[in-house]
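See below for the structure under consideration.
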Amino acid sequence: MNKNTDKTHSGFIAIVGRPNVGKSTLINSFLGSHLSITSPKPQTTRQQIQGIITLDKTQLIFVDTPGLHRESKKKLNQYMNQAASKALIDVDVVLFLVEVLKFTDEDEAVLKKLKSVDAPVFLVINKIDTVKDKEKILPYILNLQSKFNFAQVIPISAEKGLQCDVLKKEIIAHIPEGPFYYPEESKTNRSPGFHVSEMIREQVMLQLGDELPYATTVSVDTWDDQEKIIKIGATIWAERDSQKAIIVGENGDRIKRIGTIARRSIESFVGKQVFLELWVKVKENWSDDSKSLEHLGYYDFD
Ligand SMILES: Nc1nc2c(ncn2[C@@H]2O[C@H](COP(=O)(O)OP(=O)(O)OP(=O)(O)O)[C@@H](O)[C@H]2O)c(=O)[nH]1
Ligand SMILES: [Mg+2]
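Counting with this note's numbering, you get residues 848 to 1149 for the letters of the sequence shown.
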């Protein structure tokens, strides 16, 4: 084969599954950076996030999605489910992520959605590091294969990086010829402000334990890029005064900790010193109000 051929390959790979199966951990493992936030709590990711890798003549655009879930009374949940469903349109490969030895009603509902997808669907069985007796995995795979004609079945551990290279090779084999969609140096379709708001939200999720009010979100309000430092002002939005008090913590301890840890991740993301000013404010019912959702960044993003 002529190595100097100008032909490039490019394609979109949607990562879908119920909440908490490890979709964001997988996209981060492919990218080698913490692009998409993760947490032990379900419904961490709320919007589509593209992570881009360009390897010589191939561009892979991975699409991380919110976990598809049953609960969709609130507008935010409807938005999340729609964002995940839309990711299935016009893609080249779909990675259906499940957690090894588990198959819940929510997994079943995702699989049902995949029946109308044109692209090849890979069954990606994650968290295999948690199973000692690997022989148990075979009957689990056979059962799932009886439900759907998967193009590939690949057990992995996204967190430990096990078999992720095998998965990547199989993905590349399914990527069609075509021009690059993004400049070679692009890593994401999202703005730095979006990623910063996510890093703050990640700390809110991690620091609040079981007290976490589900309806919190973060907006980045000011961004002043100076010679040696970036000054960022951001707001954490809660729905009630009682939730605000939990986020602030006694004597402001919790918000301080959230700010300090988020600032460190932001500094490593922007490669510069950061001064982060955080506010906590209340906007009643924002998660069930279309206008507030849009105002806080939850709109159609393509
Ligand atoms: N043991 C183990 N844990 C994992 C693995 N991959 C992900 N996790 C953990 O599973 C939890 C959920 O991971 P996420 O990547 O946030 O899951 P997600 O599917 O993106 O979840 P949502 O955004 O809520 O839909 C986190 O605590 C991860 O550390 C894995 O391969 N092995
Ligand atoms: Mg996620």
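Positions of the beta carbon are idealized from the N, C-alpha and C atoms, including for glycine.
Own chain residues within Cβ distance below 6 angstroms of residue i, not counting five before or after
i       : result
GLU1024 : LYS854, HIS856
THR1064 : TRP1084, LEU1143
LYS1007 : ASP976
GLN906  : SER857, PHE1027
TYR926  : TYR1145
GLN999  : PHE969, GLU1017
GLU1045 : ILE884
LEU878  : GLY898
LYS842  : This structure cannot settle anything about residue 842, because the visible part of the chain is limited to 848 through 1149.
LYS904  : THR855
With 16 other Cβ atoms within 10 Å as the buried cut-off, status of residue i
i       : result
ASP954  : buried
LEU923  : buried
THR1162 : Outside the displayed span of the chain (848 to 1149) sits residue 1162, for which this structure offers no information.
ARG1158 : Because residue 1158 is not part of the residues shown, which for the chain are 848 to 1149, the question remains open.
PHE845  : As displayed, the chain neither begins before 848 nor continues past 1149, which places residue 845 out of reach and without an answer.
THR1035 : buried
PHE995  : exposed
SER1139 : buried
SER883  : buried
ASN928  : buried
ILE1076 : exposed
GLN1090 : buried
ARG1087 : exposed
ARG893  : buried
LEU989  : exposed
GLU1131 : exposed
ARG917  : exposed
THR1107 : exposed
GLU982  : exposed
GLU1074 : exposed
Proximity below 7 angstroms, CB of residue i to CB of residue j
i       : j       : result
VAL945  : ALA966  : no
ALA1092 : VAL1129 : no
ALA956  : ILE1047 : no
THR885  : SER871  : yes
VAL940  : HIS881  : no
LEU1014 : ILE1003 : yes
TYR1029 : ILE899  : yes
ILE1113 : VAL1043 : yes
ALA1005 : GLY869  : yes
VAL1127 : ILE1105 : no
GLU1031 : THR901  : yes
LEU1152 : ALA861  : Outside the shown range of the chain (848 to 1149) lies residue 1152, about which nothing can therefore be said.
ALA1062 : SER1134 : yes
Close-in-space but distant-in-sequence residues of the same chain around residue i (CB under 8 angstroms, 5 per side omitted)
i       : result
ALA931  : VAL863, GLN895, THR912, PRO913, GLY914, LEU915
VAL947  : ILE972, ASN973, LYS974, ILE975, THR977, VAL978, ILE984, TYR987, PRO1002
ILE1079 : VAL1043, VAL1067, THR1069, TRP1070, ASP1071, ILE1113, VAL1121, PHE1122, LEU1123, GLU1124
SER1137 : LYS922
THR1082 : VAL1065, SER1066, ASP1068, LEU1125, TRP1126, VAL1127, LYS1128
beta-carbon residue i near ligand 4 non-hydrogen atom, thresh 6 angstroms
i      : result
LYS974 : Absence of ligand 4 is noted for the structure shown, with ligand 1 and ligand 2 being the only ligands found.
Same chain only: Cβ atoms within 7 angstroms of residue i, ignoring 5 sequence neighbours per side
i       : result
ARG1037 : ILE896
GLY1096 : ILE1102
GLU1141 : none
ILE874  : ILE862, LEU882, SER883, GLY898, PHE909, ASP911
GLU1058 : ILE1093
SER847  : Look at the range of the chain in this structure, 848 to 1149, and you will see that residue 847 is not part of it.
LEU1053 : SER886
LEU1009 : ILE975, ASP976, ILE1003
ASN867  : PRO889, GLY914
ASP1012 : none
PHE997  : VAL968, PHE969, LEU970
SER1033 : ILE899
Checklist line | Contained beta strand (DSSP E) runs [length at least 3] in the stretch 1044 to 1122, N- to C-terminal order | finding: Every unbroken stretch of the beta strand (DSSP E) spanning 3 or more residues and falling wholly within the stretch 1044 to 1122 is given here in chain order: 1064 to 1072, 1076 to 1085.
Margin query: List, from N- to C-terminal side, the alpha helix (DSSP H) runs of 4 residues or more that fit wholly inside the stretch 903 to 978.
Written below: 922 to 933, 952 to 961
Item checked: Ordered list of beta strand (DSSP E) runs contained in the stretch 982 to 1040, each at least 3 residues -> 999 to 1002
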